[in-house]
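Inspection log for the structure reproduced underneath, given as structure tokens.
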Amino acid sequence: MKNRFWLICLVLLAGACSSPEKKNETVEKAPAKPYPVFNPDSAYAFVQKQVDFGPRVPETEGHKATKNWLISKFKGYGFAVETQDFQAKTYDGLTWNLSNIIASYNPEASKRILLAAHYDTRRIADKDTERIAEPIDGANDGGSGVGVLVEIARVIGTQELKPDVGIDIILFDGEDDGEPEGTEARNREQDFWWCLGSQHWSKNKHKPNYSAYYGILVDLVGAKGARFYREGYSRQYASGILKKVWDNAAEIGQGDFFIYKDSPEIIDDHAFVNENAKIPMINIIEFSPDYGFGQYHHKHSDNMDIIDRRTLQAVGETVLFTVYQE
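Under numbering that gives the first Met the number 0, the first residue of the sequence shown is numbered 0, with each subsequent residue one higher.
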């Protein structure tokens with residue numbers, strides 16, 4: 000009985016001594032998987048190439064040339080490419096022939112990541128004070144997101160190091176139309192006269208049973224001094240993905256661009272992908288909770304003068320790192 004008493008005391012003492020160590024135990028994070036280099040000079044050149052085609056308003060020569068160039072680039076990097084052609088009405092009663100571009104890497108993989116941008120540009124400069132009826136260059140609004148994704152495709156297609164998942168890049172058409180700022184649409188058949196490509200694709204996916212683990216939309220991602228906040232619909236539909244991407248940016252030294260501060264909801268392509276296609280998608284977009292869009296937005300000043308390689312690198316490297324960690 001006496002021996003049993005001392006045995007119990009020893010067991011209790013051992014437990015008391017070990018418990019503080021258990022409380023202080025931390026689970027070590029697995030080391031990051033290697034990932035290839037994102038080249039900001041290459042991304043910048045891809046933005047410049049688009050601007051050189053001229054405004055990419057649907058059914059113009061600049062738009063057609065850009066579409067053909069993009070298809071050629073993706074195919075050259077070994078991606079399977081298809082287009083989704085469709086018609087859509089505009090706010091002022093036009094019927095546009097539009098085309099979403101879908102480029103896929105490793106199409107047989109069941110786990111897929113969706114990356115998206117829009118390749119069209121706005122046909123009016125309705126926030127400007129001159130040449131309001133003329134189309135804008137769209138270097139940042141359209142061009143920057145496409146430039147980042149084409150560079151990611153180039154890296155995946157030409158570098159020996161490959162991601163472990165399938166990648167689908169969708170470039171939506173007809174995103175940047177919509178009624179002029181401060182006016183009512185003349186045609187009220189539908190609620191939203193912009194994001195035409197994502198509205199169509201989200202209800203008519205290029206593969207009926209298509210799904211993705213998550214999606215990342217990049218829009219307005221090349222301007223000097225840009226900062227990216229946690230957009231409202233991204234928080235609502237894909238908060239875990241949002242945290243992952245912002246944490247990844249901090250891990251690779253790009254945290255100065257990705258701010259842990261909330262911004263309002265923006266009806267952009269990701270809203271329709273989330274709501275209609277049921278794929279959790281975040282939006283990396285320059286939209287400040289303090290001042291909204293940048294001063295260039297829907298103006299002729301949205302040209303190559305505002306594009307910064309450093310911003311392109313911050314976004315492109317963060318997205319590339321995220322993809323290679325899956």
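Quick reminder that beta carbons are idealized off the backbone N, C-alpha and C, glycines included.
Of the other Cβ atoms in all chains shown, 16 or more fall within 10 Å of the Cβ of Q312; this residue is therefore buried. Collapsing the DSSP output to three states places A102 in a strand. Rounded to the nearest whole angstrom, the CA to CA distance from E58 to A222 is 27 Å. The region 141-176 is shown to contain whole beta strand (DSSP E) runs of 3 or more residues at 165-171, in chain order.
Cβ atoms of Y228 and N282 stay farther apart than 8 Å, at about 10 Å. Boundaries of the alpha helix (DSSP H) harbouring T310: R308 to Y323, taken from the DSSP string.
Burial is judged here by how many other beta carbons sit within 10 angstroms of a residue's own beta carbon; Y323 has at least 16 and is buried.
Judged by their CB atoms, I131 and D125 are nearer to each other than the 9 Å cut-off. In this structure the region 244-253 does not touch the region 175-182; the number of beta carbon pairs closer than 8 Å is below three. With a threshold of 16 other beta carbon atoms within 10 Å, E180 falls short and is exposed. One alpha carbon belongs to V149, the other to I166, and they sit about 12 Å apart. In the pairwise beta carbon analysis, the region 292-311 is classified as touching the region 46-54: at least three pairs are separated by under 8 Å. In this structure, L219 is the residue among L241, V244, T310 and L219 with its C-alpha nearest to the C-alpha of G293. By the CB criterion at 9 Å, L113 and G214 fall inside the cutoff. For G214, the uninterrupted beta strand (DSSP E) segment begins and ends at Y213 to D218. Spanning the alpha carbons of R153 and A87 requires a straight line of approximately 31 Å. Between the region 253-269 and the region 192-209, the count of C-beta pairs closer than 8 Å reaches three or more; the two stretches touch.
Taking a cut-off of 8 Å on C-beta distances, the region 65-84 touches the region 98-107, as three or more cross pairs fall below it. By the CB criterion at 9 Å, N302 and V36 fall outside the cutoff.
The straight-line gap separating the alpha-carbon atoms of S287 and F257 is approximately 11 Å. Following the DSSP letters along the chain, one finds V272 inside the alpha helix (DSSP H) bounded by residues D268 to E274. By the beta-carbon neighbour count (other beta carbons within 10 angstroms, threshold 16), A237 is buried.
When C-alpha distances from I284 are compared across D40, H62 and G144, the shortest belongs to G144. Spanning the alpha carbons of W245 and Y259 requires a straight line of approximately 8 Å. Of the candidates Q198, L216 and P106, the residue whose Cα lies closest to the Cα of P162 is P106.
Under the criterion of beta carbons closer than 8 Å, A276 and S201 qualify as touching, at roughly 4 Å.
Distance from H299 to I135 at the Cβ level is roughly 6 Å; contact confirmed, criterion being Cβ atoms closer than 8 Å. Here the alpha carbons of H205 and V147 stand approximately 23 Å from one another. An exposed status is given to K32, since fewer than 16 other beta-carbon atoms sit within 10 Å of its beta-carbon. Under the criterion of beta carbons closer than 8 Å, G315 and I155 do not qualify as touching, at roughly 12 Å. When the alpha-carbon of Y209 is set against those of Y290, R111, E325 and K243, the nearest one is in R111. About 15 Å separates the CB atoms of L69 and Y104; that is not less than 8 Å, and the two are not in contact.
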